[in-house]
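K.L.:
Got a structure here, written out as structure tokens. Questions coming.
Protein chains in written order, with my numbering: chain Y, 1 to 143; chain H, 144 to 281.
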């Protein structure tokens, strides 16, 4: 795997931005993935369909991307499952409590000039960096 | 064009962007978060690319007053920087660092045959439910 990939990073980022613009322009909705996922749990069921469609699209786009990429992405196979389970729980709990994740706050919220989103993004970046520092350089896990 | 089809198209672009930027790969994300190791700044440029397009696009879209297929924009009514926002963001960051996935990549990676994704998504939904039950109001 090439380490720093500036061109594909900018291009991929632009595609994510374009997706967010289309969703707001046509549907008036925010492309925040944690919000789209948690909205599926709503009992009124009124806007479940577009959420399912968006998530289905992500799978289609992901599969198409994997076919188009010069080097298919190979996933790690030896990562501790406990970290996935605990991390998944905290990602779910935290994004629900804080109303957003990397896409909702980090991209859409900041692009809308929301102070809440700027603060949230700084906070989750800081705790993410700190967590990896502790895991890799102090505890020696998951490196 | 209806909202369902548009959401499918927008989701497809999103998933494509996740793979093109390689953000579906948790090794790549953790290499960004590991500033004290062999640091990979790619994620910053993903944000730059996405923010450049979204900021300009959102500015133009908002000037139009309403979306094409709905009567209003669904923006949050929340404006306060309050404890749930700060605690939620802090916990999300810890989970992100532990697993190497945030919600977008983990959903997309399902389509790439990633075995961790199902476990992570199940666990993430447990987190949603617990937050609804004990933490979140309104």
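Just so you know, even glycine gets a beta-carbon here, dropped at the ideal spot from N, CA and C.
The model shown is predicted, which means the values in this text are computed figures rather than measured ones.
1) In whole angstroms, what separates the C-alpha of residue 276/H from that of residue 7/Y?
2) When the cut-off is 8 Å and only beta carbons count, does residue 215/H lie next to chain Y?
3) Mind listing the chain H neighbours of residue 39/Y? Cutoff is C-beta to C-beta under 9 Å, in chain order.
4) For residue 29/Y, which residues in the same chain have their Cβ closer than 6 Å to its Cβ, ignoring the five residues on either side in sequence?
5) Does residue 103/Y come out as helix, strand or coil in the three-state DSSP assignment?
6) Would you say the stretch 207-222 of chain H touches the stretch 53-71 of chain Y, given that touching needs at least three Cβ pairs under 8 Å?
7) Could you say if the stretch 232-245 of chain H and the stretch 116-136 of chain Y meet the contact criterion of at least three C-beta pairs nearer than 8 Å?
8) So residue 192/H is in the alpha helix (DSSP H); what residue range does that whole segment cover?
9) Compare the C-beta of residue 138/Y against all C-beta atoms of chain H and say whether one is closer than 8 Å.
10) By the 8 Å beta-carbon criterion, what residues does the stretch 120-139 of chain Y contribute toward chain H?
11) Can you give me the Cβ contacts of residue 92/Y inside the same chain, cut-off strictly under 6 Å, excluding the 5 residues immediately before and after it?
12) By the DSSP assignment, the alpha helix (DSSP H) with residue 19/Y in it spans what residues?
13) Would you mind listing the alpha helix (DSSP H) stretches within the stretch 19-62 of chain Y that are 4+ residues and don't spill past its ends, in chain order?
14) Need the endpoints of the alpha helix (DSSP H) that residue 218/H sits in, please.
15) Could you tell me whether the Cβ atoms of residue 195/H and residue 107/Y are closer together than 8 Å?
16) At which residues does the alpha helix (DSSP H) containing residue 170/H begin and terminate?
17) Given a limit of 8 Å on CB to CB distance, which residues of the stretch 175-186 of chain H reach chain Y?
18) With distances taken Cα to Cα, identify the nearest neighbour of residue 266/H among 254/H, 239/H, 255/H and 186/H.
19) Do we get a CB-CB distance below 8 Å when we pair residue 220/H with the residues of chain Y?
20) Using a Cβ-Cβ distance under 8 Å, would residue 281/H count as near chain Y?
21) What is the C-beta distance between residue 51/Y and residue 274/H, in whole angstroms, given that I count them as a contact (C-beta under 8 Å)?
P.N.:
Taking the coordinates as given:
1) By one-based count along the second chain, residue 276/H stands at place 133. By one-based count along the first chain, residue 7/Y stands at place 7. Rounded to whole angstroms, residue 276/H to residue 7/Y spans 43 Å at the Cα level.
2) Along the second chain, read from residue 1 onward, the residue named residue 215/H stands at position 72. It does: the Cβ of residue 215/H has a partner Cβ on chain Y nearer than 8 Å.
3) Here residue 39/Y corresponds to residue number 39 of the first chain, with the count starting at 1. Here the premise fails: no neighbours, minimum Cβ distance about 10 Å.
4) Within the first chain, numbered from 1, the residue matching residue 29/Y stands at position 29. Cβ neighbours of residue 29/Y beyond the five flanking positions: 23.
5) On the first chain, residue 103/Y is found 103 positions in, with the first residue counted as 1. Helix at residue 103/Y.
6) no
7) yes
8) Start at 1 with the first residue of the second chain, and residue 192/H comes out as number 49. Residues 185-206.
9) Taking the first chain and counting its residues from 1, the one referred to as residue 138/Y is at position 138. Chain H contact via Cβ: absent.
10) 120, 121, 123, 124, 125, 126, 127, 128, 129, 130, 131, 132, 133, 135, 136 and 137
11) Counted from its first residue, the first chain places residue 92/Y at position 92. No residues qualify anywhere along the chain.
12) Working through the first chain from its first residue, we reach residue 19/Y at position 19. It spans 6-22 - the alpha helix (DSSP H) in which residue 19/Y sits, taken as one unbroken run.
13) 33-38
14) Your numbering for residue 218/H matches position 75 in the second chain. Neither: residue 218/H is in no alpha helix (DSSP H) and is coded neither H nor E.
15) To locate residue 195/H, count along the second chain from 1; it is residue 52. To locate residue 107/Y, count along the first chain from 1; it is residue 107. No, the pair does not count as a contact, with Cβ atoms beyond the cut-off.
16) Stepping through the second chain from its first residue, residue 170/H is reached at position 27. That run of the alpha helix (DSSP H) goes 169-176.
17) 176, 177, 178, 179, 180, 181, 183, 184, 185 and 186
18) One-based indexing of the second chain puts residue 266/H at position 123. For residue 266/H, the nearest C-alpha among the options comes from 239/H.
19) Within the second chain, residue 220/H is the residue found at index 77, counting from 1. No, residue 220/H does not count as interfacial toward chain Y.
20) The residue given as residue 281/H occupies position 138 in the second chain. Annotation note: pLDDT 44 at residue 281/H (below 50); position unreliable, no value reported.
21) To locate residue 51/Y, count along the first chain from 1; it is residue 51. To locate residue 274/H, count along the second chain from 1; it is residue 131. That pair is no contact at about 18 Å.
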